[in-house]
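*Asks:*
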Amino acid sequence: MRERVRDRGERTKVVDGVLPMRTECLPWSPAARIGACDLLVAGDVVAVPTETVYGLAADATNPVAVARIYAVKGRPADNPLIVHVGRPMASVAALEAEGLVLTRAVSTAMRASADALMAAWWPGPLTLVLPRGPRVPPIVSSGLHAIGIRMPAHPALLDLLAHLPFPLAAPSANRSNRISPTSSADVLDELGGRIPLVIDGGRCTVGVESTIVRVDKAGQLQLLRPGGLPLEDLETTIARRARPGPPASARALAPGMGPTHYAPRIPLVLASREDAATLRARLGAVCRHATRPRVGLLILDDDATVPRTWELEDVADLVTCLALADPGDGSRVARLLFGALRMFDATTLDAIVVVPPLARRTGLWPAIADRLHRASTRGDVVGDRAASD
Ligand code: TXA
Ligand code: MG
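Residues are numbered in this note's numbering as their position in the sequence shown, beginning at 1, plus a constant of 9.
(1) Among the residues of its own chain, which have a CB less than 7 angstroms from the CB of G202, if the five just before and after it don't count?
(2) For the ligand MG, I want to know if E60 counts as a neighbour, meaning its beta carbon is within less than 7 angstroms of at least one of the ligand's heavy atoms.
(3) Can you look up E33 in the DSSP assignment and give me helix, strand or coil?
(4) DSSP on R223, reduced to helix/strand/coil?
(5) When we look at the beta-carbon of S219 and count the other beta-carbons within 10 Å, is it buried (16 or more) or exposed?
(6) Is H172 closer than 8 angstroms to A344 when the C-beta atoms are compared?
(7) Would V27 and V81 be called neighbours here (beta carbons separated by less than 8 angstroms)?
(8) Can you tell me the Cβ-Cβ gap for R303 and D326, rounded? I've got them flagged as a contact below 8 angstroms.
(9) How is the alpha helix (DSSP H) around D168 delimited, first residue to last?
(10) Please classify A355 as buried or exposed, where buried requires at least 16 other C-beta atoms within 10 Å of its C-beta.
(11) Would you decide whether G293 is buried or exposed? Buried here means 16 or more other CB atoms lie within 10 Å of its CB.
(12) If you draw a straight line from the alpha carbon of W374 to that of D311, how long is it in whole angstroms?
(13) Return the residue from the list P190, P140 and R77 that minimises the CA-CA distance to A102.
(14) Is P190 near the ligand MG, going by C-beta to nearest heavy atom under 7 angstroms?
(15) Check the C-beta distance from A251 over to V215 and give it rounded, since I have them as a contact under 8 angstroms.
(16) Let me know the beta strand (DSSP E) ranges lying completely inside the stretch 180-244, each 3 residues or longer, listed in chain order.
(17) Given 7 angstroms as the limit, tell me if L333 has its C-beta closer than that to any heavy atom belonging to the ligand TXA.
(18) Between which two residues does the beta strand (DSSP E) carrying D359 extend?
(19) Which residues does DSSP list as the beta-bridge partners of T136?
(20) Using three-state DSSP, classify G26 as helix, strand or coil.
(21) From the DSSP output, in three-state form, read off H298 for me.
(22) DSSP three-state call for G401: helix, strand or coil?
(23) Pick out whichever of T59, E199, H93 and N71 has its Cα sitting closest to the Cα of R159.
(24) For a test of the three-state rule: what should DSSP assign to R252, helix, strand or coil?
(25) Should the stretch 135-153 be regarded as contacting the stretch 104-117, the criterion being three or more beta carbon pairs within less than 8 angstroms?
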């Protein structure tokens, strides 16, 4: 499993700071668990399934192991990691006892809100940002005094955590700024040859990353990233409205939430009701070399009135089209979105044109709008339905 691949059998060549190696992909089993535990205890990284997206895991208490995550992903050091904990940890007291949360920085109101949220939603796609405890080295949180913690709802990962003496730091298992992986094949596509092992736990059931909220001293929530758990559900649990998220400029509160992220290689343009001239201008700006760009269309709006976008064919060569209908809370689009973007991204198209969903503010729609906005080229939003609601 740890065998290094030799360059023509002679020298080992370092690629982007990482030694090439053979990547094994194993379905979850007791043998896979033993292999994963061995690697993680030795300070190596392993890609693991979660219900949201696949993660690239290492011992959260070992700074050398955590540094490996950053190296393998090519991740900037100022983008903190989420710490994943196992089943008995769903209370602030349990996290304090493990040295993950700093007791003297926890107020009564903060404890009450965090405990209520953990009791209601863990395991699940919810990351809480709380004061960092002494057992978590600063590299995990990029030096911040707060850490993001979550208990993932995937049976394989919960079982793995139950067999480890430490929690796991794990960002999404993609190269930095790329689309998050929602299957083991996606992980191999992103990190094959750079990590020793991928645990295959099937396709992710949620499909977008966890919702991240900061819990403040007054017990109030601040949304740092919309995600797989609707904010309104969290507000109901603590019977309080969340504070608005920090402005994009407040990097210290929401690091790693810069405008470009989740980006496909092929330019992505968001478009809904613009006229052909506007769309032509947009496409012209992102595919300068093609007078009549070859585009793939992804429709995420089941509203039958969309269709000025069909004027697309006046300005581009419409090669392929995919529609994901979801009259519900967006969970279906969330589950399929990254896979669809990846499928388009594997083609030789000049651009991906996405018709975003109507501006719906509940369920998983805010998370979908956020990811589309970040995936779009230069944050493009066209038409009257801003995707960044
Ligand atoms: O669903 C998920 O959250 C997935 C799976 C693997 O658990 N993980 C994930 O990790 O999306 P990643 O690294 O791709 O995104 C982590 C984000 C950071 O970019 C940052 O915005 C936020 O979490 N974060 C982590 N620690 C933080 C902290 N101490 N304060 C504020 N934000 C934090
Ligand atoms: Mg990520």
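Glycine residues also receive a C-beta, built at the ideal position from the N, C-alpha and C atoms.
*Replies:* Looking at the atomic coordinates:
(1) Within the sequence shown, residue 202 is the residue found at index 193, counting from 1. Short of 7 angstroms from the beta carbon of G202, and not among the five residues preceding or following it, lie these beta carbons of its own chain, in chain order: P29, M30 and T32.
(2) Working through the sequence shown from its first residue, we reach residue 60 at position 51. E60: no, Cβ never under 7 angstroms from the ligand MG.
(3) Within the sequence shown, residue 33 is the residue found at index 24, counting from 1. Per DSSP, reduced to three states, the secondary structure at E33 is strand.
(4) Numbered from 1 along the sequence shown, position 214 holds the residue referred to as residue 223. In the three-state DSSP reduction, R223 falls in the strand class (E or B).
(5) Residue mapping note: residue 219 aligns to position 210 of the sequence shown, counting from 1. By the neighbour-count rule (16 or more Cβ atoms within 10 Å), S219 is buried.
(6) As a first step, residue 344 must be located in the sequence shown, where it is residue number 335. As a first step, residue 172 must be located in the sequence shown, where it is residue number 163. The residue asked about is misnamed: residue 344 is Arg in this sequence, not Ala. Not closer than 8 angstroms, so no.
(7) By one-based count along the sequence shown, residue 27 stands at place 18. By one-based count along the sequence shown, residue 81 stands at place 72. Yes, the Cβ-Cβ distance between V27 and V81 is below 8 angstroms.
(8) Walking along the sequence shown from the start, residue 303 turns up at place 294. Walking along the sequence shown from the start, residue 326 turns up at place 317. The pair is a contact, with the Cβ atoms about 5 angstroms apart (cut-off 8 angstroms).
(9) The residue given as residue 168 occupies position 159 in the sequence shown. Where D168 is concerned, the enclosing alpha helix (DSSP H) starts and stops at P164 to A171.
(10) Working through the sequence shown from its first residue, we reach residue 355 at position 346. So A355 counts as exposed.
(11) Mapped onto the sequence shown, residue 293 falls at position 284. Counting of Cβ neighbours within 10 angstroms places G293 among the exposed residues, the total staying below 16.
(12) In the sequence shown, residue 374 corresponds to position 365, counting from 1. In the sequence shown, residue 311 corresponds to position 302, counting from 1. Going from the Cα of W374 to the Cα of D311 covers about 13 angstroms.
(13) Position 93 of the sequence shown holds residue 102. The option with the nearest alpha carbon to A102 is P140.
(14) Locating residue 190 in the sequence shown gives position 181, where the first residue counts as 1. No, the beta carbon of P190 sits no closer than 7 angstroms to any heavy atom of the ligand MG.
(15) For the purposes of this step, residue 251 is taken as the residue at position 242 of the sequence shown. For the purposes of this step, residue 215 is taken as the residue at position 206 of the sequence shown. At roughly 20 angstroms, the Cβ-Cβ gap does not stay under 8 angstroms, so A251 and V215 are not in contact.
(16) Complete beta strand (DSSP E) runs here, min 3: 206-209, 220-224 and 230-234.
(17) In the sequence shown, residue 333 corresponds to position 324, counting from 1. Checking the Cβ of L333 against the ligand TXA gives no.
(18) What you label residue 359 is simply residue 350 of the sequence shown in a count that begins at 1. Run containing D359: none; DSSP gives neither H nor E here.
(19) As a first step, residue 136 is located in the sequence shown; it is residue number 127 there, counting from the start. I221.
(20) As a working note, residue 26 is residue 17 in the sequence shown. G26 falls in the coil class under three-state DSSP.
(21) Numbered from its first residue, the sequence shown carries residue 298 at position 289. DSSP places H298 in the coil class of the three-state scheme, outside both helix and strand.
(22) Absent from the model: residue 401. The displayed extent of the chain is 10 to 398, so no value can be given.
(23) Locating residue 159 in the sequence shown gives position 150, counting from the first residue. When T59, E199, H93 and N71 are compared, the shortest CA-CA separation from R159 is found for H93.
(24) Reading the sequence shown from its first residue, position 243 is the one you call residue 252. Residue state, collapsed to three classes: strand.
(25) With a cut-off of 8 angstroms, the stretch 104-117 and the stretch 135-153 count as touching, because enough Cβ pairs lie within range.
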